[in-house]
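One structure is given here, and the rest of the page talks about it.
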Amino acid sequence: MATSEDIEKPKLLPTKILKCKNPECKAWVREEFATAEQQCPMCKGPMHRSMKHLPAVQNKPKRQPRKPKSDF
Ligand SMILES: [Zn+2]
């Protein structure tokens with residue numbers, strides 16, 4: 156018998172994020188995906204660090220090294 160307990164719930168982990176300082180802009184990004192400038196992707200304004208409970212990322216984001224085009 157399957158109970159609701161058996162349904163896999165995504166685990167929420169406290170995750171570091173960057174949140175836009177503009178109260179009218181609800182943009183936020185995971186800190187690991189944020190740009191070095193820590194600029195809001197929406198309004199280009201400043202962002203501040205915050206925490207958010209997010210489901211665990213299943214596939215760790217791999218930083219793909221930029222492959223030089225081999226068109227020589
Ligand atoms: Zn913004």
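In short: position in the sequence shown from 1, add 155, done, that's this note's numbering. Glycine included, C-beta positions come from ideal geometry on N, C-alpha and C. From a predicted model like this one, the values you see are computed outputs, not experimental measurements.
Quiz prompt | Closer than 7 Å: Ala191 CB and nearest ligand 1 heavy atom | solution = Checking the Cβ of Ala191 against ligand 1 gives no.
Practice problem: Would you check whether ligand 1 has a heavy atom nearer than 7 Å to the C-beta of Ala182? | Solution: Yes, the Cβ of Ala182 comes within 7 Å of a heavy atom of ligand 1.
Quiz item: Looking at the unbroken beta strand (DSSP E) that takes in Val184, where does it start and where does it end?
Solution: Following the DSSP letters along the chain, one finds Val184 inside the beta strand (DSSP E) bounded by residues Trp183 to Arg185.
Exercise. Just the C-alpha distance for His203 and Pro165, rounded to the nearest angstrom, thanks.
Key: Spanning the two alpha carbons is a distance of roughly 26 Å.
Self-check item: Segment contact flag, the segment 197-211 with the segment 170-185, C-beta cutoff 8 Å, min 3 pairs
Solution: With the cut-off at 8 Å, the segment 197-211 and the segment 170-185 touch.
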